[in-house]
Amino acid sequence: MTFGKFALSLGATLALVASSAHAAAVSYTIDASQSSLVLGGSLITYPLTEQQPGSLVASYSGALSGDLTGGTLTFSGGNTIVGAIHPLGPFNPVSGNTGTDVYGFNASTFIQAALYNIQLDFVGGTVQNGVVPSTLDIGFIEDGNGDGVGGYRSNLGSGDLTGSQLNLTNLPASLTTNGNIETVIIPIFSDNPVESNNTPIGSLTLTGQIVATRVIPEPGTLVLASVGGAFVALTYWRRRRA
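First residue of the sequence shown: 91, per the working numbering; consecutive thereafter.
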């Protein structure tokens, strides 16, 4: 092996090590005990109220996935953030899909509604420690398979929850490491407009936080083996030159 070729090979190996140290596809498990979102807002100027005590609060579980580069976690979809079936359900009106109610609310005395099978996604945006995650795009996973994902029913009609909105929180996110456990805490305030026949009639808000963790893996054995092999080759080349 000539020195020029060896230097190129070693340089490529070290570049691989540097890249693996600064960029990685990562996955987190959502901690349902710390992740919850409160439903709020209003319809036709009437504020949402509970059908039962606690029916506007839901915990969330699932998984997050993104790309972590230099302390910046970037999302581009493919996350599964699932609202827990509420133990107080089913909520009124009790008809149709009632087995997966997540929220139940009233608006004044003449509107009753339930949101069921709620699944969210971080469609895009970034999260950094100590920075307000204002670029985070929060979307509803839609009922693409006819399985009732992201639906609502009310005494005024039923349908699907669709679309996405930027995160409007003014609270900073947290991305920290303790030992080999990395924790991401993402504050959420999502304001979702509600329309009837293309006319705005109010909005539904989700406020709270999503907390998720991952175990940081040990350095890749393949990369370490490549570096080790490169230095063994260097030692061998030097001995032949001596």
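All C-beta atoms, glycine included, are put in the ideal place defined by N, C-alpha and C. If you're wondering where the values come from, they're calculated on a predicted model, not measured in any experiment.
Starting from the C-beta of residue i, find all residues in its chain whose C-beta is less than 6 Å away, skip the five residues before and the five after it, and write them out in chain order.
i    : result
A174 : A148, S149
T266 : T273
A204 : F181, D191, G194, R243
T216 : T162, T164, T225
Nearest to residue i by CA position, among the options, is which residue?
i    : options                : result
T188 : S155, I171, I271, N207 : N207
G278 : Q209, I134, N260       : Contrary to the premise, residue 278 reads as Ile rather than Gly in this sequence. When only C-alpha atoms are compared, the closest one is N260.
N257 : I228, L163, A263, S264 : I228
S293 : T119, T303, L154, S254 : S254
T225 : P180, S132, A115, T164 : T164
T219 : A263, T289, N282       : Note on identity: in this sequence residue 219 is Asn, with Thr being the wrong assignment. The option with the nearest alpha carbon to N219 is A263.
N287 : I271, S198, G247       : G247
From what residue to what residue does the beta strand (DSSP E) around residue i run?
i    : result
S125 : Counting along the chain, S125 falls outside any beta strand (DSSP E), and DSSP gives it neither H nor E.
A204 : 201-206
F181 : F181 -> no beta strand (DSSP E), and no H or E assigned at all.
V147 : 147-159
I171 : 170-173
I228 : 227-230
N268 : 264-268
Sort out for me which residues DSSP pairs residue i with in a bridge.
i    : result
E140 : F195
P283 : S293
G298 : L127, I278
Around the Cβ of residue i, are there at least 16 other Cβ atoms within 10 angstroms (buried) or fewer (exposed)?
i    : result
L178 : exposed
Could you tell me whether the Cβ of residue i comes closer than 8 Å to any Cβ of chain B?
i    : result
S117 : The displayed structure is made up of one protein chain only, and chain B is not part of it.
Quick one: residues in its chain with C-beta nearer than 8 Å to the C-beta of residue i, no 5 flanking neighbours on either side, listed in chain order?
i    : result
A153 : S117, Y118, T119, I120, N169, T170, A302
G249 : G241, Y242
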